[in-house]
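Here the sequence shown is numbered in my numbering, starting from 7 and rising by one per residue.
Right, one structure below, let's go through it.
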Amino acid sequence: MAKRKRRQKIDKELARELKQPDEFVTGVMQLQEWANEHRAAVVGVLVAIFAVVAVANGVAAYARSRAERRHTEEYHTLKAATETLFQAKDKAKAMEQVEGLIRDASDRTDRARLYLTQGEMLLEAGDPAGAVKAFEGALATAREPLLKNLAAFGLAAAELAQGKDEQAAKRLAGVEGPLADLARVEQIRIALAHDNAGEARELFNQLEGSTPDSPAVATARQLLEGHGIHLEKASPEAEAAG
């Protein structure tokens with residue numbers, strides 16, 4: 007009976023927290039805007055991916071978990087980490103706070119998300135070497151494939167910021183799942199930056215062949231055509247014959 011009452015109390019506490027998501031959702035939106043406005047050009051689309059996907063994934067995970075107090079505590083940990091990004095004016099202090107959150111996180115999955123947050127902050131602070139360590143921490147602690155792929159994206163972004171384009175391209179080649187199409191686009195972007203039209207075209211063909219309906223195909227096509235590489239869409243008859 008006591009265990010049941012405790013469980014009900016925890017359920018009510020978390021339900022009350024989740025009934026008032028406006029502040030947190032607003033914070034996530036501010037975080038997205040902050041990332042879009044301040045990300046370094048070399049990082050490109052990668053920064054927005056962690057900011058939105060990693061945090062949204064964490065929120066969704068906790069919304070589904072209502073049985074243990076630990077979930078409430080970790081929810082607050084993630085909330086504090088995201089609030090740190092857009093509230094703290096002192097970046098050194100913000101980094102110190104995130105490092106404390108990482109040390110205190112009791113779950114490996116949550117620690118991986120916090121490492122992703124730290125890596126993003128270090129990229130924005132112009133410290134790609136520090137970002138590499140943070141994203142490596144995310145990769146080492148992540149259990150979920152999505153978080154592993156996000157960590158790989160982060161490492162690629164940090165490597166690009168260090169001028170290690172070839173290494174970044176190889177890392178992006180290993181990205182799988184829902185982020186695979188975006189990874190191919192970034193590989194194409196790198197190939198074009200090095201005037202490697204043949205590789206860029208080959209990557210485009212792979213992308214179009216695997217997921218022809220993906221919005222990433224249109225983005226990749228625009229990149230190629232912007233570099234004077236014109237692609238003709240195959241006719242329905244040719245596709246049927248192939």
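Think of the CB as a built atom: it goes at the ideal place given N, C-alpha and C, for glycine as much as any other residue.
Neighbour-count burial assignment, residue i, 16 or more Cβ in a 10 Å radius
i    : result
A224 : exposed
E214 : buried
Q124 : buried
R109 : exposed
D201 : exposed
E126 : buried
E165 : buried
A111 : buried
A98  : exposed
Nearest candidate by alpha-carbon position, reference residue i, set the options
i    : options                   : result
F154 : A140, A167 and L166       : Here the sequence assigns Lys to residue 154, which means Phe is not the residue at that position. When only C-alpha atoms are compared, the closest one is A140.
R149 : K176, A98, L237 and R117  : R117
A199 : A98, A137, E182 and G232  : G232
A131 : S220, L209, P221 and A100 : A100
V138 : G106, A174 and V104       : A174
A222 : D171, A98, I194 and E102  : I194
E208 : A226, D219 and L166       : A226
S216 : E165, E105, L188 and G234 : L188
I235 : A164, G204 and A98        : G204
Supposed contact pair residue j and residue i - C-beta distance, whole angstroms, cut 8 Å
i    : j    : result
L156 : L178 : Wrong, their Cβ atoms sit about 12 Å apart, outside the cutoff.
G180 : A146 : About 15 Å; that fails the 8 Å criterion.
A144 : E192 : Contact doesn't hold; Cβ gap of about 18 Å is too wide.
Q212 : R190 : 7 Å
P134 : G183 : Incorrect: roughly 25 Å between the Cβ atoms, too far for contact.
L229 : L237 : The Cβ separation is near 11 Å, so there is no contact.
Cβ of residue i within 9 Å of any chain B Cβ
i    : result
A179 : You won't find chain B in this structure, because it holds only one protein chain.
Beta-carbon spacing of residue i, residue j below 9 Å
i    : j    : result
A206 : A197 : yes
L129 : G160 : yes
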